[in-house]
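J.: Provided herewith is a single structure, encoded as structure tokens, for subsequent inquiry.
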Amino acid sequence: MIPQWSEIALSGWLINYELLKAKPNAKILTSRTIVFVHGTPWSSAMFRPIATVLHEVHNCNVLLYDLGGYGASQTLESTASSSPDAKGFHGSTSVRTQADILTALLKHLDLTGSSHGNSPHVIAHDIAGAIALRAHLLNGARYASLMCLDTNVTLPWGDGFYKLCRSESQVFTHLPGPIYELMLKAVVRSACVTPHGQAWEPVMSAPWLDTPESAGSTSAQSSFVRQIAQADDRDVAEMLEKKPYSEVGCLVRVLWGEQDAWIPREKMEKMAGMLGSKLDGFVVVPEAGHLVMLDQPERVTAEVVKWVGEQT
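Numbered by UniProt numbering, the letters in the sequence shown go through residues 1 to 312 in order.
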């Protein structure tokens with residue numbers, strides 16, 4: 001299904017989003033909107049198969065969008081600051097900025113919880129767990145429920161590759177194109193363990209590869225490095241200092257792909273423990289890696305349907 005994007009300027013980025021509306025006068029799974037928030041270095045394409053089932057089979061309102069600086073949202077708005085950051089990158093892709101974008105987007109779509117029944121169910125993957133929690137705990141966004149898939153909201157962040165890329169960002173920005181492309185595709189493939197998941201590599205790599213149409217804009221390679229270089233532990237440290245996760249105002253369910261080589265189980269279990277009584281289930285998905293929704297789409301869809309149904 002080709003996205004039918006709408007666009008809004010938020011936090012310096014032109015954010016592309018799609019709101020799939022439920023059919024009126026038909027049976028629905030929930031009257032609340034289900035909001036999918038992707039992580040790094042991904043795009044909302046990873047959630048589209050699940051979103052399509054929820055919309056077409058279960059008649060749900062579904063919101064998909066690409067984070068600022070990712071996927072279809074890589075264009076800076078014309079009024080954005082022209083000054084680069086300390087590492088030479090234009091535009092902020094930090095957790096702080098992404099949480100501000102999520103908060104503002106929910107407000108724009110009247111999904112703030114300010115009126116009865118309009119707070120959304122939020123499904124967050126990877127770094128989006130930190131984005132969603134910061135938007136909720138520090139910015140005041142309200143959720144009906146939160147599901148975290150293979151997400152790391154404890155410190156420190158990153159494996160060896162990510163730490164190296166953060167510390168030597170200019171080296172990675174200037175890698176020769178063919179070497180960069182091989183590296184990118186290896187990173188993407190490492191997030192899946194099944195043939196079905198591996199088949200998504202071209203789709204998930206595409207936003208980070210330059211095309212003739214992108215000539216003259218910030219290079220896709222620079223954009224890929226930027227979102228790693230700008231990952232700042234302080235955005236999570238501030239949240240942990242001000243609002244413990246046990247103060248989340250909704251129930252949280254955690255899913256983890258049993259073969260996730262990016263986020264070890266102990267990280268997920270530490271997060272689960274920090275949620276305290278707000279944790280409502282820790283589900284381990286067999287034969288799944290970091291991109292659990294692509295390795296096991298039917299299982300994850302069933303878990304989302306079950307979770308949302310339980311909260312209705």
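Beta carbons: idealized from backbone N, C-alpha and C, even for Gly.
Say whether chain D places a C-beta atom closer than 9 Å to the C-beta of D280.
T.: Annotation note: the requested chain D is absent from the structure, which comprises a single protein chain.
J.: How long is the line joining the alpha carbons of Q170 and S219, rounded to whole angstroms?
T.: Stepping through the sequence shown from its first residue, residue 170 is reached at position 170. Stepping through the sequence shown from its first residue, residue 219 is reached at position 219. Their Cα atoms are separated by approximately 13 Å.
J.: Whether or not the stretch 159-167 and the stretch 196-214 are in contact is what I'm after, with contact meaning three or more pairs of Cβ atoms, one per stretch, closer than 8 Å; do they touch?
T.: no
J.: Identify the residues that DSSP records as bridge partners of residue 315: which are they?
T.: Past the boundaries of the shown model lies residue 315; the chain is included only from 1 to 312, so the question cannot be answered.
J.: Please determine if the stretch 91-103 and the stretch 6-15 are in contact, where contact requires at least 3 C-beta pairs separated by less than 8 Å.
T.: Flag = yes, the stretch 91-103 and the stretch 6-15 touch.
J.: Going along the chain, which residues of its own chain have a beta-carbon closer than 6 Å to the beta-carbon of L19, five neighbours each way excluded?
T.: Residue numbering aside, residue 19 sits at position 19 when the sequence shown is read from its first letter. Answer for L19: L63, listed in chain order.
J.: Between the C-alpha atoms of P195 and S83, what's the straight-line distance to the nearest angstrom?
T.: Looking up residue 195 in the sequence shown gives position 195. Looking up residue 83 in the sequence shown gives position 83. Rounded to whole angstroms, P195 to S83 spans 43 Å at the Cα level.
J.: Give a yes or no on whether the C-beta atoms belonging to T151 and M239 are separated by under 9 Å.
T.: Translated into the one-based positions of the sequence shown, residue 151 becomes position 151. Translated into the one-based positions of the sequence shown, residue 239 becomes position 239. With respect to M239, T151 sits apart: the two C-beta atoms are not nearer than 9 Å.
J.: Helix or strand or just coil, what does DSSP make of G160?
T.: Counting from one through the sequence shown, the residue named residue 160 turns up at place 160. When secondary structure is reduced to three states using DSSP, G160 falls in the helix class.
J.: As a quick exercise: from G91, A124 and G140, pick the residue whose alpha carbon is nearest that of L149.
T.: Position 149 of the sequence shown, counting from 1, holds the residue named residue 149. The residue with the shortest Cα to Cα distance from L149 is A124.
J.: Tell me which same chain residues have a C-beta within less than 6 Å of the C-beta of T312, skipping the five on either side of it?
T.: Sequence index remark: in the sequence shown, residue 312 carries index 312 (1-based). Around T312: T30.
J.: In chain order, what residues of the same chain lie with their CB nearer than 8 Å to the CB of K23, ignoring the 5 residues before and after it?
T.: Translated into the one-based positions of the sequence shown, residue 23 becomes position 23. N59.
J.: Span of the beta strand (DSSP E) holding L138?
T.: Here residue 138 is taken as the residue at index 138 of the sequence shown, counted from 1. Bounds of any beta strand (DSSP E) do not take in L138, whose DSSP letter is neither H nor E.
J.: Can you list, in chain order, the residues of its chain whose CB lies under 6 Å from that of L184, leaving out five sequence neighbours each side?
T.: Your numbering for residue 184 matches position 184 in the sequence shown. S205 and W208, listed in sequence order.
J.: When you compare each of A51, G68 and R253 to P41 by their alpha carbons, which one comes out closest?
T.: On the sequence shown, position 41 is the one that residue 41 refers to. The candidate whose alpha carbon is nearest that of P41 is G68.
J.: With which residues is N16 paired in a DSSP beta bridge?
T.: Here the question's residue 16 lines up with position 16 in the sequence shown. N16 pairs with E7.
J.: At which residues does the beta strand (DSSP E) containing Y65 begin and terminate?
T.: Translated into the one-based positions of the sequence shown, residue 65 becomes position 65. Note, Y65: beta strand (DSSP E), V62 to Y65.
J.: May I ask which residues mark the beginning and end of the beta strand (DSSP E) holding I50?
T.: The residue labelled residue 50 in the question sits at position 50 within the sequence shown. Per DSSP, I50 lies in no beta strand (DSSP E) segment; the continuous alpha helix (DSSP H) that holds it begins and ends at R48 to E56.
J.: I need the straight-line Cα distance from K306 to L54, nearest angstrom please.
T.: Position 306 of the sequence shown holds residue 306. Position 54 of the sequence shown holds residue 54. When rounded, the distance between both Cα atoms is 11 Å.
J.: Measuring only the C-alpha atoms, how far is A87 from G281?
T.: Taking the sequence shown and counting its residues from 1, the one referred to as residue 87 is at position 87. Taking the sequence shown and counting its residues from 1, the one referred to as residue 281 is at position 281. Looking at the sequence itself, residue 87 is Lys, so the reference to Ala does not match. If you take the alpha carbons of K87 and G281, they lie about 40 Å apart.
J.: With DSSP as the reference, label V248 as helix, strand or coil.
T.: The residue given as residue 248 occupies position 248 in the sequence shown. Coil.
J.: Taking 9 Å as the cut-off, decide whether the C-beta atoms of G113 and A144 are in contact.
T.: Against the sequence shown, residue 113 aligns to sequence position 113. Against the sequence shown, residue 144 aligns to sequence position 144. Yes, the pair counts as a contact, with Cβ atoms nearer than the cut-off.
J.: Measuring only the C-alpha atoms, how far is R142 from K21?
T.: One-based indexing of the sequence shown puts residue 142 at position 142. One-based indexing of the sequence shown puts residue 21 at position 21. Each residue's alpha carbon lies about 20 Å from the other.
J.: Quick check: what's the CA-CA separation for E303 versus A51?
T.: Translated into the one-based positions of the sequence shown, residue 303 becomes position 303. Translated into the one-based positions of the sequence shown, residue 51 becomes position 51. So the two alpha carbons sit approximately 13 Å from each other.
J.: From the DSSP output, in three-state form, read off G281 for me.
T.: Numbered from 1 along the sequence shown, position 281 holds the residue referred to as residue 281. For G281, the three-state secondary structure derived from DSSP is strand.
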